[in-house]
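Below: the structure, in structure tokens.
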């Protein structure tokens with residue numbers, strides 16, 4: 028199936044009520060369906076727009092691997108904002124430098140993380156994106172909101188992203204230098220994940236006894252390979 032942007036990929040995959048994400052909270056395991064994550068990402072995108080974020084505005088994502096991180100990432104894409112993932116272990120000083128470099132409008136921060144105060148930059152809590160609870164409670168039934176993914180995929184082409192639009196900026200340094208931003212487009216990410224999906228489909232009939240496949244993701248979602256596998 029041809030996919031022009033990441034939103035096409037997301038919308039094709041995310042309508043099911045089957046389990047999508049499982050999070051081990053220590054004393055309790057939390058599960059979200061594809062549809063629940065889709066609704067939460069739509070709500071987050073609407074919040075971004077309500078707060079005046081425009082297409083191309085930068086949103087820094089700084090936090091641990093959790094379902095809310097994925098909600099924030101897809102919500103950014105639905106609002107045509109640019110996600111700027113930062114490693115959980117980054118120092119507040121580095122986060123502040125990244126915010127200034129990309130001229131971010133917003134930082135979405137994980138539990139216990141506080142970026143330095145910067146003029147004109149808000150901080151939202153990552154753990155509140157799925158129902159407003161740090162305990163990872165699933166969201167309550169949501170009020171109707173515009174279907175942002177359908178709008179981007181089926182509306183006026185001028186309103187939706189293109190393959191060459193910027194999706195995110197990844198800061199990477201190797202081992203010896205300060206991290207530098209790398210601009211990643213929708214086409215760049217699709218080039219990673221579509222071939223993997225194609226190979227899984229090719230051999231799906233041999234793996235039917237093991238379906239649905241389960242992936243244990245230990246990779247940081249702030250890294251490209253961690254995102255591709257998630």
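Numbering (this note's numbering), first residue to last: 28 to 257.
Note that the Cβ used here is the ideal one computed from N, Cα and C, for glycine as well.
Quantities reported herein were computed from a predicted structural model and do not represent experimental measurements.
- Residue 107 sits close to residue 83, with the two beta carbons spaced by under 9 Å.
- Out of 130, 227, 137, 215, the CA that lies nearest to the CA of residue 252 is found in 215.
- Residue pairing by DSSP leaves residue 35 without any beta bridge partner.
- For residue 140, the closest alpha carbon among the candidates 131, 127, 50, 118 is that of 118.
- Pairwise C-beta distances place the region 209-225 in contact with the region 189-198, as three or more of them are shorter than 8 Å.
- Straight through space, the alpha carbons of residue 68 and residue 40 are spaced by roughly 14 Å.
- For residue 54, the three-state secondary structure derived from DSSP is coil.
- Annotated as distal: residue 156 and residue 59, with beta-carbon spacing of 9 Å or more.
- Burial check for residue 249: the Cβ neighbour count within 10 Å reaches 16 or more, so the residue is buried.
- Close CB contacts of residue 48 within its chain, under the 6 Å cut and outside five residues either way in sequence, are with 59, 94 (chain order).
- The three-state reading of DSSP puts residue 204 in coil, since its state is none of H, G, I, E or B.
- A Cβ-Cβ separation of about 22 Å leaves residue 53 out of contact with residue 89 under the 8 Å criterion.
- Here DSSP, grouped into helix, strand and coil, assigns residue 198 to strand.
- With contacts defined by Cβ atoms closer than 9 Å, residue 80 and residue 217 do not form a contacting pair.
- Straight through space, the alpha carbons of residue 65 and residue 220 are spaced by roughly 19 Å.
- Take residue 254, set aside five residues on each side of it, and the residues of its chain with a beta-carbon closer than 7 Å to its own are 248, in chain order.
- A direct Cα-to-Cα measurement between residue 129 and residue 97 gives close to 21 Å.
- Counting along the chain, residue 121 sits inside the alpha helix (DSSP H) bounded by residues 119-129.
- Collapsing the DSSP output to three states places residue 222 in a helix.
- In this structure, the CA atom of residue 115 is about 36 Å from the CA atom of residue 235.
- Listed in chain order, the non-local C-beta contacts of residue 112 below 6 Å within the same chain comprise 88, 249, local neighbours out to five positions each way being set aside.
- For a cut-off of 8 Å, the C-beta gap from residue 145 to residue 126 is around 6 Å, short enough to register as a contact.
- By the CB criterion at 9 Å, residue 132 and residue 85 fall inside the cutoff.
- Ranked by how close their Cα comes to the Cα of residue 46, the residues 238, 120, 222 have 238 in first place.
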